[in-house]
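Trainee: Below is the structure I would like to discuss, written out as structure tokens.
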Amino acid sequence: MEYVYDDQNIFAKILRGEIPNRTVFENDHALAFEDIAPQAPVHVLVIPKGPYMSLDHFARDASADEHHGFMKAVAEVCRITGVDEGFRGISNTRVHGIQDVPHYHMHILGGRQLGRMLSD
Ligand code: 5GP
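All residue numbers for the sequence shown refer to this note's numbering, where the first residue is 1486 and numbers rise by one.
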């Protein structure tokens, strides 16, 4: 699999500060911000700061420090948003996963009872 990162994607622009965001948490390797079109009371996107286009790209090529920083950001988002009753972490990937933004992101959805994982 060849991963070709497009640095003009909207999350790259957010990382460069070209587009504003509502930041929930940030560390050296990850940024977490509110989704612009929330689908649940809690809908936060966690993204790595490095140029990875998808979950599998990040999983293959990110360093141990990047993996660690990303997961610590997930933990902080869960703590800050208070999703103690549960949540869903989703990483839509490429065509079959219907990924709209080609910069790896994990949706953290919670704050209400969510539907079943797949509807069709
Ligand atoms: P995907 O379909 O790639 O899994 O999810 C992309 C998400 O990015 C969508 O939930 C969409 O609402 C969100 N999104 C798209 N553009 C922006 C933006 O400019 N700012 C923020 N905060 N979220 C965005």
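By construction, the Cβ of each residue, glycine as well, lies at the ideal position given by its N, Cα and C atoms.
#1: Buried or exposed, going by whether 16 or more other CB atoms sit within 10 Å of the CB of proline 1526?
#2: I'd like to check one pair, valine 1531 with glutamate 1519: are the Cβ atoms closer than 8 Å?
#3: Is it true that the CB of valine 1559 sits closer than 8 Å to the CB of isoleucine 1521?
#4: What does arginine 1573 pair with, by DSSP beta-bridge criteria?
#5: How many Å lie between glycine 1596 and arginine 1573 at the Cα?
#6: Just checking alanine 1522 against the ligand 5GP - is the residue's beta carbon closer than 7 Å to any of the ligand's heavy atoms?
#7: Quick one: give me the first and last residue of the beta strand (DSSP E) that threonine 1508 is part of.
Mentor: Considering the structure as presented:
#1: exposed
#2: no
#3: No; because the gap between Cβ atoms is not below 8 Å, this pair is not in contact.
#4: Leu1594
#5: CA-CA distance, glycine 1596 to arginine 1573, rounds to 10 Å.
#6: yes
#7: Element bounds for threonine 1508: 1508-1511.
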